[in-house]
Every structure is written in C-alpha cells, then in structure tokens.
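These notes concern the structure reproduced below.
Number of protein chains: 2
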Amino acid sequence: MRRGEIIAVGSELLLGGRLDTNSLFLTDGLAEAGVEVRYKSVVGDEEADIAAALRMAARRADVVVLTGGLGPTTDDRTRQAVARATGRPLRRRAEALDGMRRQLEAWGRTPTKAQFRQGLIPVGAEVLANSVGSAPGFCLRWKGAVIVALPGVPSEARAMFATAVVPRLQMEVAAHRRVTQHRCIDRRVLHTVGILEAELDHRLKDLVGRGSGIRLGLLASPLGVTVSLTLCGAKTKVMMDELVRRVRRRLSPYIYAEGFATMEEVVGRQLARLGLRLAVAESCTGGLIGHRLTQVPGSSAYLDRVAVCYSNRAKTEWLGVSERLLRKHGAVSAQVAAAMARGARVKSRVDIGLSVTGIAGPDGGTAQKPVGLVYIGLDARRRRGRGSCSVTKVCRFHGPREAIKLRASQTALNLLRQWLIADGKAARS
Amino acid sequence: MRRGEIIAVGSELLLGGRLDTNSLFLTDGLAEAGVEVRYKSVVGDEEADIAAALRMAARRADVVVLTGGLGPTTDDRTRQAVARATGRPLRRRAEALDGMRRQLEAWGRTPTKAQFRQGLIPVGAEVLANSVGSAPGFCLRWKGAVIVALPGVPSEARAMFATAVVPRLQMEVAAHRRVTQHRCIDRRVLHTVGILEAELDHRLKDLVGRGSGIRLGLLASPLGVTVSLTLCGAKTKVMMDELVRRVRRRLSPYIYAEGFATMEEVVGRQLARLGLRLAVAESCTGGLIGHRLTQVPGSSAYLDRVAVCYSNRAKTEWLGVSERLLRKHGAVSAQVAAAMARGARVKSRVDIGLSVTGIAGPDGGTAQKPVGLVYIGLDARRRRGRGSCSVTKVCRFHGPREAIKLRASQTALNLLRQWLIADGKAARS
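From first to last, the protein sequence lines are chains A and B.
Okay, so the first sequence: first residue is 217 according to the working numbering, each after it adds one.
Okay, so the second sequence: first residue is 217 according to the working numbering, each after it adds one.
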C-alpha cells in the first residue's frame, strides 16, 4: 500500500475558526488510486513551517498533496516553500501564465502584476492547469515521493485533482503491477443505534484480528455508533462482501443504515413505500425530529405536521391531552407520551403518531424524574380490523442538552423504523 | 509566544469523510492562554503513527494537545502511544477509575471489563476528570513540553479542556511574566447576517493593512458571515478594544452576536428580558426554528409552542388560515405568512407569532414561485392601545435544501431580533 499525506496551507485554517475540507475529497481520490492517507496536517503561511512539513511528509510518504498558498498575494508562500524544501529554484513558466491568461480573458480581465507571481514554478515540476480559477498547480518527484501542489479554493482543487492528478496516480499504480494486484482499499460503513461501543467491539473483534488486513473503526456519537470496516489487501471485494454479511448477521437488530444513508432517509423511504402518513408531537426535542424528517426532499409526501408543545396548554389544545392526565402523571410520563402520539394521529387524521416528552436539562430534573428521562410514544391505526396499536418506550439519556435532544430524536425515529418493519404492512393493508 | 500543536487521533478522521472539529475550540482556548497553534495534524489509530506524531510535535512545541483514542475499545491507542513515545509505562490509576465509576453509576450502569482500560494512565501523568463522559484524560510534562490527552467526543473534550487545561496553562503564563509581556494573541469574533462577504471585506480592509499586526478572517456560511479579528503583539488588549469599537460602528446593523453567542441565545435573552412569549409557525423550515430556540436552556420560559404545518389542512386547523386565502394566494405567499404568524399568536394566546413559508427545494419550484422563495411573518399584539402590528418579509435564498432551511431560520430569527430591539418595549408596556 502506498502511503499518502495531505498538507493544508493557510493561517486562516489555524486561526480563523475554519477547517480544511479539501482533505475529504483528496482522501477519497487518493484511496481510489491505491494511496492510503496516513497523516493530514495544517500549517500556516510561514514559508519555513510549510517547508518543514513538506520535508517530513516526503520522508514518510510516497505521495504528498499540498493545498493552498498558490494565490497571487504575498502571503501565498507554497511555491517558495516547495522550492526551499526540494532545492528546486522557481522559474517563470510560459504554460503556467498561458493557462492563467486564458482564464482571465474568459472573465474579461487582464492579469495583474501580482498574478504573474502565479507563473513561478519549481524547476523540473510539471504544471497542472487550473480549469476553474487562475492559480496553476504543479507536481514533481523528489526523493522517490510524488509532490503535488493544488490551490486552496475547493472547487479549483477538486477539478485539478480529478482531471490532472488522479489519472497520473492510477497510471503509476498500473505501471507497478505488483502494487495493484497486491493492495487496494475497500471501505464499508454501517450505522448502529441502541448498542454500546464497547459491546460492539466485543462482538466484532474476532473478525478483525491482527494480520487479518481488516481495520475496524468505531465512532460513537449521540446518533449511535458507526462501524467502519477497512480492508487493505488482495481479493478485497469478495472478502469485504463476506465480512459485511457476517457483521450484518451479528448486529442486525442495531444496524439502521449503511454508507451515507441517514435515519431520516431510511424512515422516509419506509413511509413512502408503505404509503403511510405521519404526524409528530415533540416536547423536549423541540422540533428536532421535524427538522430531521424535513431534511429529506419530498418529505411532505408522508409528513403531515409536527406539534412542538412546550406548554401543557399546547398539549391539551392541539393534541387533546386531558388536563387530568397531565395533573395526575405529569407532562413527562408514559401516559402523556401515549396520549400525545394518539392525539397527533387522531387530530391530523393520519396513519401514525410519534411523540417524545422528557427532560433535556440542564435544569428541571428531580429525584423521581432526572434530567435525561425521556418517554417515546407511537400510535398507529390498524386499517384492517379496528382499533389502534400503541407503543411507549422509556429511556434514560446522558450528556448535555444537545446530546439528549439528539439521542431522543434518534431513538424515536428508530422506534418508528422498527415498528414499520414489524407492523407497517398491517397498518397499510 | 509559546508554540502549540494539536493532534487529532482516529482513523475515521482519515477515512470516514469526517473532519476534526475539536481543533477549532482548542485553538481559541490555547490562544487565550497565550499559546499559538502552529501545526494541526490528524493521525489514524496506529500506535506507531500516534507516537511518531507526538515525538515530532513535542520537539517543536511547548504545548501538545491530543484528542481521541482514549475510549474503551481496542482501537483506542492513545494511552499506549503516549506511553511508548515518552517511555512512561501505563499504570492503573484509582482516581481515573473513580471518575468513570461515578459517571456510570449516575447513568445506572456498571463499568464493563473493557472500560477498565480507561483507568490506565502513563506514570507521572496527572489525571483529568471527565465531567461529561466516562473516559478520563491526562496531562504530563515531557522534555519541556506539556502534553495533554483529551477524549475525542467534542462535548467531553470541550468540558475537560475548559475546566482542567486552560486554567493550568494560564497559571503557567502568569508564571513566565516575560512571555505575557512579550507577545500574546487576542482574537475577537463578530457574527453578521444580511451582508455579503465581499462587502464586509471592502468595508474593513483599511483597518487591517499590512504591518498592522491584525489578521482579518471572514467565514461565510448559511447563518451569515463571521468576522474574526486576530491581533498578535504588545498592548494587544487596548488596540483590540479600539479596533472592535470601530468594526462595530461600521457594521452595527448587521452584527447579531459576538464570541460564542448564537442567534437563538440572543433572541432568547431579549424575550426573557422583555417577558414576552412566542409561538412559531413553520412550513419549509420544518421545525428548525423550534429546534434552534430550544437548544437554549430555559427556553420554555418564552417559547409556548411551534406548529410545523407541512399540509394546508394543518395550517387551517391549527393556525386558522382560511382555505380561501390558501386557494387565492397559495401556501407560499405574504398573505399566508401573515395569517400563519397571526394564527400562531392568537391560537396560543401569546405576545408574538413568527412564521415561515417557502419552497426549500430541490423540487416544487415554478417560474412564479422558484425554489428558495421564502416569506417570513411576524405578528405581535400591542398591550397598550389595542390592535396588533404585523410585518412580512420576502426573501430569495440559494443553495441546497439544508442551506435554504438554515438561511430561512436565521433570517426569521433576525427579523424577530430587530423587531424586539425596535418595538419590544411597546409590546411589553
């Protein structure tokens, strides 16, 4: 496996409360070309710092990609830093300027004096044309490493990388047959909810023993734990398919999505397929469930309305939750959750009502009803045969307010997902 | 100026299409403590890679902060890597386990065998308690550098850094007077909405000329443009105060918050101070406004309810919007926005109603009503003197669905903010 490193250049990435996002598509593109990114780093506009980072990376890696610092202003120092680190002086290169001129003319502009700086390229480097902007990139070999310099503007970096860099890297891979036959990356991601990170690790670790060539990544968040399986080695596709099958078998009840799919997309597809309409009654989640469901284009096909009832009066007026019930059990109770779900369904005359009521904190908790206590209700009518079916679930979440809201929304949507798998057809037929 | 480096640990940050966001607040916190971040890097879960990154960083920097890899699973290798790099073997530390046990008991759980791994701390290191999660951090001195290891979960890293790390670093700064007198960083952030990045740049650039020692950072997002001013040098506090005064004067109508404050916090404080209660009627934003308002602890004091009315029937039943009006002007119209705001206020018997109706896309647009067309309504009763006041605003937003939802929610909350400044008192008195 060839090793890659990405260096993002720019003081704004160290100071400006701002992140380097280029490394995301660079990582994917490099993986396609059989290059595994082992380090990413961010340095400021100091020429010496950039040069030091480049020397270090070139020692460790086969491919080093720099982004940023190729612009026309005096704080764009990547050209000089590469020249300093590699001992290849800068020379003005005609083709570099041509590309820039074409671009500027296309926009009806003429190059400024400053922009001519962008024509300076290290001796022996290959110029990479910029099809989107004005700053050319370049690419050179130094001490056995391929060094690629791309602009920092994402659209420019993306275009240049895709058109000029990836093909070169892939040709090289093809050249060293050994490499292609030998190694490449395959990666699968499965999203789980309702199971602890440590428990997942315990259930999967025999599949990913040392030397298996499989890397297991577990990432816990308020939405659950994401399982990523990365395979470096031969016959990867087949091995990976089998591995994923085994992981699915072991975790089936907990896996709600794979790849880039989200819980709200999964639930939305289920509702659309079954032709069922939903109404939601939220209290402590404050609209988060509605927000998530409506992130999905076309969600109006299955979402009728959402009532965020922060006051008891709203619960009574909009959802028909009786004041007696609220007085007797309190707003945060299984009885009120059930009544909210039923009310949302009946008042909206839809198929399913989903409700959440709880204490998001940090204040408002008591010994009997601590912060993080959340009740979830689901109420659905059975079309064939009369009556309705009602489910309630009690949870105890931890963490800050945002985390409790996220966990509650995820658990409510997962309850709906599981119910649709088990009973969705009955509600439909 | 002391030099800092941040190392984010986790293969998911190299492979998972995910970015390290901890470094954002870490950079700010380190700057407050007089530490300038010169390098940020991301490494995977390989013990050797983490150790190599740490050795390199400790050679260059005075303060090295690692985040991630402290969890209970076998792919959490930061503890071992620090032990390997510094030659400080791991020992199980009682206080580390105590903290974790307290946490787990609070959640009604008992530690798993795997979680006991989290009690392993390098010899001579100080344990940093985790007030939010279960993984303890630690901090040690090695070869003149302070090395801090924090969990990867942002809420845990943030809490631990703020409570345990920043104070230590600031005490050290106080200890080396020379350092503080000499150089330090001051950074101020102002959040604007309703003005373009280029226009901001044009209005501010004369304040931040070369040699001024001031770095201007502009970061545009769907929530607006954030202006960050960074000053390195002597007498920074005084210069910065004057600079911020001048920036405030030039941008006053557009600045809605400073520092870490959010729009929802600002609006919440206004409502609480004026003793006004709010009801919201959302259509295309789908609950996002309610979600944002309820991210603020104590929001139940001023938020009564939110109606997310995706269907026209919901608009009629819950908000009393007449079917005639909906037929005549369509759901996406100034008239319906006004009726929704009024309905939300009157039905909930609160002081102010805020409404949004529009087309979030990507589908559903027409020549007359394109994707991104959004109407915002505000309706408030005047307590002294009778009648009510009503404002509507039409906007045309661009971008993908999520961006349009965010822009619409931000513009609606900003309309409410501006109205509360101008007329809030009248509504109150």
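Where is the CB? At the ideal position from N, CA and C, for every residue including glycine.
Values in this document were obtained by computation on a predicted structure and should not be read as measured data.
query	result
Would you list, in chain order, the members of the stretch 331 to 361 of chain B that have their beta-carbon closer than 7 Å to a beta-carbon of chain A?	Q331 and V348
In angstroms, rounded to a whole number, what distance separates the CA positions of B/G588 and B/T627?	13 Å
Is the CB of A/G484 under 8 Å away from at least one CB in chain B?	no
Identify whether A/W635 lies in helix, strand or coil by the three-state DSSP scheme.	helix
Checking the sheet assignment: what are the DSSP bridge partners for B/E498?	B/V524 and B/V572
Any idea which residues DSSP pairs B/S604 with across the strands?	B/R597
Taking contact to mean at least 3 C-beta pairs separated by less than 8 Å, is the stretch 456 to 474 of chain A in contact with the stretch 514 to 523 of chain A?	no
By DSSP, does B/D402 sit in helix, in strand, or in coil?	strand
Identify every residue that forms a DSSP beta bridge with A/Y255.	A/E221 and B/V259
When you compare the stretch 246 to 265 of chain B with the stretch 318 to 338 of chain B, are there three or more beta-carbon pairs, one atom per stretch, that lie closer than 8 Å?	no
Under a CB-based cut-off of 8 Å, is B/N525 close to chain A?	Before going on, a small fix: residue 525 of chain B reads as Cys here, not Asn. True, the Cβ-Cβ gap to chain A drops below 8 Å.
In this structure, how does DSSP classify A/Y472 when only helix, strand and coil are distinguished?	strand
From the DSSP output, in three-state form, read off A/F613 for me.	coil
Put A/I198 into one of helix, strand or coil per three-state DSSP.	Any question about residue 198 of chain A goes unanswered here, given that chain A covers just 217 to 645.
Under 8 Å, Cβ to Cβ, is there at least one residue of chain A near B/I505?	yes
Quick check on DSSP: helix, strand or coil for A/L230?	helix
Name the residue from B/R508, B/L423 and B/G502 whose alpha carbon lies nearest to the alpha carbon of A/C649.	Given a span of 217 to 645 for chain A in the structure shown, any question on residue 649 of chain A remains unanswerable.
Can at least three beta-carbon pairs, one atom from the stretch 256 to 268 of chain B and one from the stretch 297 to 306 of chain B, be found at a separation below 8 Å?	yes
Taking the beta carbon of A/S444 as the centre, do at least 16 other beta carbons fall within 10 Å, making it buried, or is it exposed?	buried
At 8 Å on the CB atoms, spell out the chain A contacts of B/A530, in chain order.	D520, R521 and S564
Is it right to say B/R465 is buried, meaning 16 or more other beta carbons lie within 10 angstroms of its own, or is it exposed?	exposed
Along the chain, which unbroken stretches of the alpha helix (DSSP H) at least 4 residues long are found entirely within the stretch 275 to 333 of chain B?	294 to 302 and 310 to 322
Between A/R612 and chain B, is the shortest Cβ-Cβ distance under 8 Å, so that the two count as touching?	yes
Going along the stretch 243 to 265 of chain B in order, which residues come within less than 9 Å of chain A, judged by CB to CB distance?	T243, D244, A247, E252, V253, R254, Y255, K256, S257, V258, V259, G260, D261, E262 and D265
Within a Cβ cutoff of 6 Å, which residues of the same chain sit near A/R307, ignoring the five residues on either side of it in sequence?	V339
Considering just the uninterrupted stretch of the beta strand (DSSP E) at B/R565, what are its terminal residues?	Neither: B/R565 is in no beta strand (DSSP E) and is coded neither H nor E.
Comparing C-alpha positions only, which one of B/L229, B/G226, B/N238 and B/Y255 sits nearest to A/L230?	B/Y255
DSSP has A/I505 in a bridge; who is on the other side?	A/I505 is not bridged to any residue.
Are the C-beta atoms of A/E474 and some chain B residue less than 8 Å apart?	no
Quick one, which of A/A268, A/R275, A/E415 and A/A274 has its alpha-carbon nearest B/G287's?	A/E415
What does B/P578 touch in chain A if you count any residue whose Cβ is under 7 Å from its own?	P513
Would B/P288 count as contacting chain A if we go by Cβ distances under 8 Å?	yes
Rounded to a whole number of angstroms, what is the C-alpha to C-alpha distance between A/T283 and A/A361?	17 Å
With a CB to CB cut of under 7 Å and the five nearest residues on each side skipped, what residues in its chain are close to A/I620?	A576, G577, G588 and F613
Taking all protein chains shown into account, decide if A/T302 is buried (16 or more other Cβ within 10 angstroms of its Cβ) or exposed.	buried
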